[in-house]
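Asker: In case it helps, this note's numbering puts the sequence shown at residues 1475 to 1624.
Positions of the beta carbon are idealized from the N, C-alpha and C atoms, including for glycine.
Here the structure is a predicted model, which is why all the values come from computation and not from measurement.
One structure is given below, represented as structure tokens, and several questions about it will come after.
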Amino acid sequence: MKSKCIGALLLGGMIACAQAPSDLFPPTASVKQVMLDLIHPSSNDILLAIYRGGPKSDAEWAAVRRSAITLAESGNLLMLRGRARDQADWMKDAKLLVDAGNAAYKAAQSKDATALVALAGALDASCTTCHKQYRPNVFPVINQRDGGSK
């Protein structure tokens, strides 16, 4: 009897461990909230720093660093079950955001303005690529210019 109880406890523990983290911790924010409250302001902060010639002080570099890590982690949030629209384009586009955020973080860590400026296009592309596919009305001029969205 004692071994059956131990076996049941072990099996229960294995099942609990096998659950995906998103099952154990359901999302608090919707995709729209992640976009509006995390991604949009963070990407704008980085791009603004770039277009102003790069951060000038330790405080400005720290702000870029925070925004960059927010972008990278937001891309990860978009890939969680319950948020991911599909396993193809959505995941690939979210990975572009993770990559752009990580590159911006590394540039901010090393206070490398040249590297930061060089990733402006990648950051912009990570947004527009996804929006062209999933929110074609967000960038209608781009979609008209390239023949429309998918």
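In this structure, does DSSP put N1550 in helix, strand or coil?
Answerer: Here N1550 sits in helix by DSSP.
Asker: Which runs of the beta strand (DSSP E) fall wholly inside the stretch 1501-1533 and span at least 3 residues, in chain order?
Answerer: With a minimum length of 3 residues, no continuous beta strand (DSSP E) run stays inside the stretch 1501-1533.
Asker: In the DSSP assignment, find the alpha helix (DSSP H) that holds N1576 and state where it starts and stops.
Answerer: Per DSSP, N1576 belongs to the alpha helix (DSSP H) from D1563 to Q1583.
Asker: Grab me the residues of E1547's own chain with a C-beta within less than 6 angstroms of its C-beta, minus the 5 sequence neighbours each way, in chain order.
Answerer: Answer for E1547: no residue qualifies.
Asker: Does the stretch 1559-1573 come close enough to the stretch 1591-1608 that 3 or more CB-CB pairs lie under 8 angstroms?
Answerer: Enough Cβ pairs lie closer than 8 angstroms, so yes.
Asker: Once the 5 residues before and after R1539 are set aside, which same chain residues still bring their CB inside 7 angstroms of it?
Answerer: These residues qualify, in order along the chain: Y1579, A1582 and Q1583.
Asker: How should L1545 be labelled, buried or exposed, when 16 other C-beta atoms within 10 angstroms of its C-beta is the threshold for buried?
Answerer: Per the 10 Å Cβ criterion, buried.
Asker: Closest by CA to L1573, which one among I1524, A1503, V1508 and S1517?
Answerer: Per the sequence shown, residue 1573 should be read as Asp rather than Leu. Comparing Cα positions, the closest option is S1517.
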